[in-house]
Structure formats: structure tokens, C-alpha cells
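Residue numbers (the working numbering): 4 to 478. All C-beta atoms, glycine included, are put in the ideal place defined by N, C-alpha and C.
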């Protein structure tokens, strides 16, 4: 059975709740010769966020072992419907899938079964990540919303759709319980973040917490938010999506114009309440335009590396990890099925722009970043959204310039020594409490593509609110 921690929290038995949620890895290298990697000290289980419907959100929490005052970072993946364990194993957690050289399928064996076509992982195995956010930060990964990853609902309403208010409330109830479970985090900074479709989840949750704080209903120490390639204003961002492929030469002028027309028609029909069938046809046409480009990967236009959802799924489904994280008999999927996708029909075009405006105006630290090789949520898309996010610092942002972010050369990211003793990390604009960063060489999965630079970015954001550039201006 899955471990439900909320009953122990409600009973005030916090010590037992913590003890039960501690990850228990039977494959300990200190005890067994066939185990070469230990799971770091961590906690996992399910918090019930709606008792009436039986909504249970799964989490995996890695407290910092090296910094007693480390901020707490919440990480949410997007999709919609992508597990946040992708962030753990693919992007910034202490473990990653074990890599191997490309294999040749055995006679009669499919490419899928041998993973030769993925060329990235060995079935169910993982190794320590060289550059992890755990240490400088305590990392809390939450499968959100329900029916994502290991999270589930017992009494699902087939007519209920996901909305900002519904998943924000679920996450808010989760966070309140988390602080009861780990009360020593009340005194540490809290940053809420994630990537892509989490551009909906993150501002929605932060705004819900902000409201509770203003009403005197919560003391959650919300300090700021951080979002990578955030899809937070679809009505503004979608029309600009094709321009990246046009600027790189992957789209002709005719293809760019067709994509723009299809997108505008789709938005017009959607916001005017047009015929559902017509909207579906427009959506299909729009998606085919973007997905049938023929480039190796939209995650990273240059490297062509795609996310290995199967590797993460295999790890989380393995008997070792399932038992360690107290998942019981629950089913895990890296990406939700089409049935669950349909529950986002009304949310897909909703915007969190107004919530972002409030958070910016109230002075919360805001980090917005993306990779310059991202063909999913491009720099132009993010910029268009920011230019129409109306907050007190907008006029300053409109007049601001980009500054080049230089740093010491890294043999892993700049092996050709193209920049001498230093290399370009990206581009930065700071306006009041808004920090805007474009990470050079990264695609949609920014922490995966540029782990060292991204960790540096996060540490400087937590410390000073943005990238500390003055020392980088010298030649």
C-alpha cells in the first residue's frame, strides 16, 4: 500500500510521520556488493490534499546535507502531465540515469526493448549526478497535478477539468502540510519553480500563498519564484512560436506565415467560443506544423538530444525505487495519457500573466530563464510575454539592454577554448526584482544541458536576486 502521511500529521505525530516517510533503500553499497550507488538521504510518500475526493500528491524530498541554512526549492515539471521526477533524474537532482554506449539490438529484439534507439540509459539503473542542486538547496519534487507520476485521486469526477484554482489549491494544501511535517523549514527561504507548462503551476501556487499571507492565514516563507522556458501567457506566446524556426531557416516564409495564420485562427476560435470540432481541426493543423518539422529534437535545436522519459519511468517503476519511496501498488507514468490530457482543455489557453504582475509588484524575487537553443518555448515567446506583463517595472524593462554573462571557461561546456580563459554563459537583464536570463547552449531542459551554469545562476539568484555581472565586464 502507498504511504499516506497526512493522517499522522493530523494526529500530531510528526516524529512518526518523518520516520515513515524516510526513504529506505535496501540496495545499500555498504551492505551489498551488487549495489554500487546509494540513494541519498531523502523522504518520500503521499500527502492528501483533498479528503473528500481522495487526492494524494506524491513527493520526493532531498534535504541539503551540506548547508543548514540552504533555501528550500520546490520543483514542478510541466507538460502538462509530465512527472516532476523528470526534474530529479534528468535535470538537477542528485541522481541521473546511467549512460552507456550505443548498443545493437539482438536478433529478433526490437529497438524499443534494447533502448539502442535512445542511446542514453541502462534499464532501471542510475548514478550520482556530478552537478546537483541538492546541497546548495534542499529540493522538493512534487508530482502535480493528481494523476501525474505517482500522484492519484481515488474518486475522480469525469466531468472535472484542471484549472489554475484547482491545482493551486491542491499544491497550497500540500505545502502547508509539508511545513507541518518538516517544521524546521519555516525559517528558511522558499523558492517555487519549474519549467515549461509549470509557467501555469508556479505563479498560481505563489499567488495562492501570497493571498493567504496577506489574509493572515499562512506564514509560509515565500521568497520568490524561478521558471525555465515558462508557458505562462499562451495568448501572447503562441503566435511567436514559429519565428524561431523561421529565423534558423527550418521554416520557409510560406511555412512561417501558415503557422502564424493557423495559430491566430485557433486562438480566435478558442477565445470566441467557436465550434469545438473546428477548434480541434485548427489545433491539429497547428500542432502538425510544429511537430512535423523534421529536426532531431525541439528540446535542443542544436544538439538534437531529446528527453529520455522511458529511462525515468523505468527507474521509478523498478522494485528497488518503488519500495524505497513507499509507492506501494501505484502505477507510474512519466507522461499522462490522452484521457488526462483532455482535462487540460480549458486550462491550456489560460494565462497566469495577471498573477505574475501581482507577484512582481509585491517585490517577490522573480527569475525567468530559457535556453537559446529551445525550440519549444523560445526566447522570443518568453520575451513577448514579459513585454506585455504590466507591472511597475515594465517601463524600465522596456528600456533595458541585455548584458553578456561571462565566466571562467569550463572544459565540459567549452572544450575548444573558443573564449580563451573565459566563456559566454548567456545574456542577462535585471530590472528591480525581475531577473531575466538566456542561457547559452541550452535547450528546453536548461539544467540538463548546462548544469554548472544553471546551478551558478540559481545560487546567485538566491543570494543577490540575479546574476552578479560587474566582475564579468573586464576584458
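- request: Starting from the N-terminal side, write out each stretch of the alpha helix (DSSP H) that is 4 residues or longer and does not extend beyond the segment 155-211.
  value: 167-184
field: Reduced DSSP category for residue 346 - H, G, I as helix; E, B as strand; rest coil
entry: Locating residue 346 in the chain shown gives position 343, counting from the first residue. If DSSP states are grouped into helix, strand and coil, residue 346 belongs with the helices.
- request: Thinking residue 566 and residue 238 are a contact (beta carbons under 8 angstroms), I'd like their distance in whole angstroms, please.
  value: What is shown of the chain runs 4 to 478, which leaves residue 566 out entirely.
query: Under three-state DSSP, which class holds residue 448?
result: Here residue 448 refers to the residue found at position 445 of the chain shown. It is coil, neither helix nor strand.
query: Does the beta-carbon of residue 88 have 16 or more other beta-carbons within 10 angstroms, so that it is buried, or is it exposed?
result: Walking along the chain shown from the start, residue 88 turns up at place 85. So residue 88 ends up on the buried side.
query: Hey, is the segment 423-435 in contact with the segment 88-101, meaning 3+ C-beta pairs nearer than 8 angstroms?
result: no
field: Rounded Cβ spacing between residue 139 and residue 73 (contact assumed at less than 8 angstroms)
entry: To locate residue 139, count along the chain shown from 1; it is residue 136. To locate residue 73, count along the chain shown from 1; it is residue 70. About 6 angstroms; that satisfies the 8 angstroms criterion.
message: Suppose contacts are defined by Cβ-Cβ distances below 7 angstroms. Is residue 403 in contact with residue 381 by that definition?
response: Here the question's residue 403 lines up with position 400 in the chain shown. Here the question's residue 381 lines up with position 378 in the chain shown. No.
task: Pair every Cβ in the segment 212-227 with every Cβ in the segment 165-180, then say whether three or more of these pairs are closer than 8 angstroms.
output: yes
field: residue 76 - partner residues in DSSP beta bridges
entry: Taking the first residue of the chain shown as position 1, residue 76 is located at position 73. In the DSSP output, where bridge partners are listed per residue, residue 76 has 142 and 194.
message: By alpha-carbon positions, which one of 257, 328, 49 and 266 ends up nearest to residue 243?
response: As a position in the chain shown, residue 243 is number 240, starting the count at 1. Taking only the C-alpha atoms, the option nearest residue 243 is 266.
- request: Return the Cβ separation of residue 198 and residue 232 in integer angstroms, given the expectation that the two are a contact with Cβ distance under 8 angstroms.
  value: If you number the chain shown from 1, residue 198 lands on position 195. If you number the chain shown from 1, residue 232 lands on position 229. Indeed, because the Cβ distance is near 5 angstroms, the residues count as touching under 8 angstroms.
task: Could you pull out every residue in the same chain whose Cβ sits closer than 6 angstroms to the Cβ of residue 200, ignoring the five residues on either side in sequence?
output: Mapped onto the chain shown, residue 200 falls at position 197. 81, 82, 83 and 234, listed in sequence order.
- request: Taking only the alpha-carbon atoms, compute the straight-line gap between residue 435 and residue 396 and give it to the nearest angstrom.
  value: Along the chain shown, read from residue 1 onward, the residue named residue 435 stands at position 432. Along the chain shown, read from residue 1 onward, the residue named residue 396 stands at position 393. Using only the alpha carbons, I get a separation of about 7 angstroms.
message: Between residue 95 and residue 136, how many whole angstroms is the CB-CB distance? I'm expecting something under 8 angstroms.
response: As a first step, residue 95 is located in the chain shown; it is residue number 92 there, counting from the start. As a first step, residue 136 is located in the chain shown; it is residue number 133 there, counting from the start. That pair is a contact at about 4 angstroms.
task: Could you spell out where the beta strand (DSSP E) holding residue 406 opens and where it closes?
output: Residue mapping note: residue 406 aligns to position 403 of the chain shown, counting from 1. Per DSSP, residue 406 belongs to the beta strand (DSSP E) from 406-411.
Residue 453 versus residue 247 - alpha carbon distance: For the purposes of this step, residue 453 is identified with residue 450 of the chain shown, where counting begins at 1. For the purposes of this step, residue 247 is identified with residue 244 of the chain shown, where counting begins at 1. Spanning the two alpha carbons is a distance of roughly 20 angstroms.
message: What would DSSP say about residue 26, mapped onto helix, strand or coil?
response: For the purposes of this step, residue 26 is taken as residue 23 along the chain shown, with counting starting at 1. Reduced to three states, the DSSP call for residue 26 is coil.
- request: Along the alpha helix (DSSP H) that carries residue 426, what are the first and last residues, could you check?
  value: As a first step, residue 426 is located in the chain shown; it is residue number 423 there, counting from the start. Looking at the DSSP string, residue 426 is not in any alpha helix (DSSP H); the run it does join, the beta strand (DSSP E), is 425-434.
task: Return the residue from the list 406, 355 and 93 that minimises the CA-CA distance to residue 313.
output: In the chain shown, residue 313 corresponds to position 310, counting from 1. Closest by alpha carbon: 93.
message: Using 8 angstroms for Cβ pairs, my map puts residue 372 next to residue 460. What's the rounded Cβ distance?
response: As a working note, residue 372 is residue 369 in the chain shown. As a working note, residue 460 is residue 457 in the chain shown. With a Cβ gap of about 7 angstroms, residue 372 and residue 460 count as contacting.
Cβ pair residue 56, residue 217 closer than 7 angstroms: For the purposes of this step, residue 56 is taken as residue 53 along the chain shown, with counting starting at 1. For the purposes of this step, residue 217 is taken as residue 214 along the chain shown, with counting starting at 1. For residue 56 and residue 217, no; Cβs fall outside 7 angstroms.
message: When you compare the CB positions of residue 346 and residue 61, do they come within less than 7 angstroms of one another, or not?
response: Looking up residue 346 in the chain shown gives position 343. Looking up residue 61 in the chain shown gives position 58. No.
- request: Could you please give the first and the last residue of the uninterrupted beta strand (DSSP E) stretch that includes residue 7?
  value: Here residue 7 corresponds to residue number 4 of the chain shown, with the count starting at 1. Residue 7 -> no beta strand (DSSP E), and no H or E assigned at all.
- request: Could you check the C-alpha separation between residue 413 and residue 141 for me, to the nearest Å?
  value: What you label residue 413 is simply residue 410 of the chain shown in a count that begins at 1. What you label residue 141 is simply residue 138 of the chain shown in a count that begins at 1. Looking at the two C-alpha atoms, the distance is approximately 25 angstroms.
task: Classify residue 230 as helix, strand or coil using the three-state DSSP reduction.
output: Here the question's residue 230 lines up with position 227 in the chain shown. Residue 230: strand per DSSP, three-state reduction.
field: Own chain, CB closer than 8 angstroms to residue 209, minus 5 neighbours either side, in chain order
entry: Counting from 1 along the chain shown, the entry for residue 209 is found at position 206. Closer than 8 angstroms at the Cβ level, and outside the excluded window around residue 209, lie 195, 225, 228, 358, 362 and 367.
query: Since residue 467 is in the alpha helix (DSSP H), which residue starts that stretch and which ends it?
result: Here residue 467 refers to the residue found at position 464 when the chain shown is read from its first residue. Unbroken alpha helix (DSSP H) run through residue 467: 454-467.
query: If we count the other Cβ atoms within 10 Å of its Cβ and call it buried at 16 or more, is residue 401 buried or exposed?
result: To locate residue 401, count along the chain shown from 1; it is residue 398. Exposed.
Residue 190 versus residue 75: straight-line alpha-carbon distance, rounded: Here residue 190 is taken as the residue at index 187 of the chain shown, counted from 1. Here residue 75 is taken as the residue at index 72 of the chain shown, counted from 1. Answer to the nearest angstrom: the Cα atoms are 10 angstroms apart.
- prompt: With C-beta atoms as the reference, is residue 330 less than 7 angstroms away from residue 27?
  reply: For the purposes of this step, residue 330 is taken as residue 327 along the chain shown, with counting starting at 1. For the purposes of this step, residue 27 is taken as residue 24 along the chain shown, with counting starting at 1. Going by C-beta atoms, residue 330 is not nearer than 7 angstroms to residue 27.
message: Please list the terminal residues of the continuous alpha helix (DSSP H) segment that includes residue 237.
response: Translated into the one-based positions of the chain shown, residue 237 becomes position 234. 237-240 is the extent of the alpha helix (DSSP H) around residue 237.
message: Within 10 Å of its beta-carbon, does residue 147 have 16 or more other beta-carbons around it, so buried, or fewer, so exposed?
response: As a first step, residue 147 is located in the chain shown; it is residue number 144 there, counting from the start. It is buried - the Cβ of residue 147 has at least 16 other Cβ atoms within 10 Å.
- prompt: Hey, residue 262 and residue 236: beta-carbon distance below 7 angstroms or not?
  reply: Taking the chain shown and counting its residues from 1, the one referred to as residue 262 is at position 259. Taking the chain shown and counting its residues from 1, the one referred to as residue 236 is at position 233. Against a cut-off of 7 angstroms, the Cβ pair of residue 236 and residue 262 comes out as no contact.
- prompt: Under the rule that 16 or more other beta-carbon atoms within 10 Å means buried, what is residue 4, buried or exposed?
  reply: In the chain shown, residue 4 corresponds to position 1, counting from 1. The residue in question, residue 4, is exposed, as its Cβ has fewer than 16 Cβ neighbours within 10 Å.
field: CB-CB length for residue 17 against residue 193, believed under 8 angstroms
entry: The residue given as residue 17 occupies position 14 in the chain shown. The residue given as residue 193 occupies position 190 in the chain shown. Actually they are not in contact, since the Cβ atoms of residue 17 and residue 193 sit about 19 angstroms apart, beyond 8 angstroms.
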